[in-house]
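What follows is a short report on a single structure.
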Amino acid sequence: MPFLRFKGFEKSIVKKISPFIIDEFSNIVSIPRDMVKIELLHVEQVANSPLSVEIFMFQRQQKEHDALASMIYKKLYEYGYKNPHIFFVILTPSLYYKEGKPLNEIPKNLLANKTYNVEANKTFHNRLTSKRSNGRGRKSGGQESNTKGAAG
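Going by the UniProt record's numbering, the first residue of the sequence shown is number 1, and it counts up by one from there.
Right, here's the structure in full:
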């Protein structure tokens, strides 16, 4: 999470720009690179519809959204895409489910001046993706985490 969905673009171009987009995206919003997901959606145009990039993510400060859109636009422009539509679909943590359970909220320790903190977000990411072993979450290295009963 977040998910960037490219619609109508050439696969070779999306693959080529993905490493740059992932690096820059993770730097702008201070999250680990492996949390940034990129997808290429194949669509059949029925009526006039533009190339677009849909960004599904939790709310950030406006300046971060602006920086993300600008970075993506500039990179696409370098490859000849002059007018892609870039928009955000803001997700609500209580309506985002992992293992059938809502996240409810972004943990307060992830917010520092309303901006995501890389280390705190890594902890959150590890909690969400940890494998369950005997009903208890585990972090890498075999250490038990404090995530018993948390959505994984």
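Don't be surprised by glycine CBs; every beta carbon is placed ideally from N, CA and C.
Checklist entry - Enumerated in chain order, which unbroken segments of the alpha helix (DSSP H) with a length of 4 residues or greater are wholly contained in the segment 43-108? => result 62-78
Item to check | Integer Cβ distance of Met35 from Met71, believed to fall under 8 Å | outcome: Position 35 of the sequence shown, counting from 1, holds the residue named residue 35. Position 71 of the sequence shown, counting from 1, holds the residue named residue 71. With 8 Å as the limit, Met35 and Met71 do not qualify as a contact, their Cβ atoms being about 17 Å apart.
Item to check | Whole-angstrom distance between Tyr96 and Ala67, CA atom to CA atom | outcome: If you number the sequence shown from 1, residue 67 lands on position 67. If you number the sequence shown from 1, residue 96 lands on position 96. Answer to the nearest angstrom: the Cα atoms are 25 Å apart.
Checklist entry - What does DSSP give as the partner residues of Glu10 in its beta bridges? => result By 1-based counting over the sequence shown, the position of residue 10 is 10. Note: Glu10 sits in no beta bridge, so no partner.
Checklist entry - What is the residue span of the beta strand (DSSP E) that Ile31 lies within? => result Locating residue 31 in the sequence shown gives position 31, counting from the first residue. Element bounds for Ile31: n/a, residue is neither H nor E.
Item to check | Nearest-angstrom Cβ-Cβ length linking Phe9 and Glu39, presumed shorter than 8 Å | outcome: As a first step, residue 9 is located in the sequence shown; it is residue number 9 there, counting from the start. As a first step, residue 39 is located in the sequence shown; it is residue number 39 there, counting from the start. That belief does not hold up - the Cβ atoms of Phe9 and Glu39 are roughly 11 Å apart, past 8 Å.
Checklist entry - Under a Cβ-count criterion, where at least 16 other Cβ atoms within 10 Å of its own Cβ denotes burial, should residue 154 be classed as buried or exposed? => result Residue 154 lies beyond the residue range present for the chain, which begins at 1 and ends at 152; the question has no answer from this structure.
Item to check | Residues that Ile38 bridges to, as DSSP identifies them | outcome: In the sequence shown, the residue the question calls residue 38 occupies position 38. Partner(s): Leu4.
Item to check | His60, buried or exposed, once every other Cβ within 10 Å from all chains shown has been counted against 16 | outcome: Counted from its first residue, the sequence shown places residue 60 at position 60. Here residue 60 is Arg; the residue named in the question, His, does not match the sequence. Counting Cβ neighbours within 10 Å, Arg60 comes out buried, since at least 16 surround it.
Next on the checklist: Would Lys16 and Tyr79 qualify as a contact pair, given that the criterion is a beta-carbon distance under 9 Å?
Outcome noted: By one-based count along the sequence shown, residue 16 stands at place 16. By one-based count along the sequence shown, residue 79 stands at place 79. In contact: Lys16 and Tyr79 (Cβ atoms closer than 9 Å).
Item to check | Top-ranked residue by Cα proximity to residue 159, from Phe56, Val89 and Tyr73 | outcome: This structure does not reach residue 159, given that the chain is present from 1 up to 152, and the question cannot be answered.
Next on the checklist: Quick check: what's the CA-CA separation for Lys63 versus Tyr81?
Outcome noted: Numbered from 1 along the sequence shown, position 63 holds the residue referred to as residue 63. Numbered from 1 along the sequence shown, position 81 holds the residue referred to as residue 81. C-alpha separation (whole angstroms): 23 Å.
Next on the checklist: Among the candidates His42, Pro19, Asn83 and Leu103, whose CA atom is the shortest distance from the CA of Leu91?
Outcome noted: The sequence position of residue 91 within the sequence shown is 91, counting from 1. Among His42, Pro19, Asn83 and Leu103, the Cα nearest to that of Leu91 is on Leu103.
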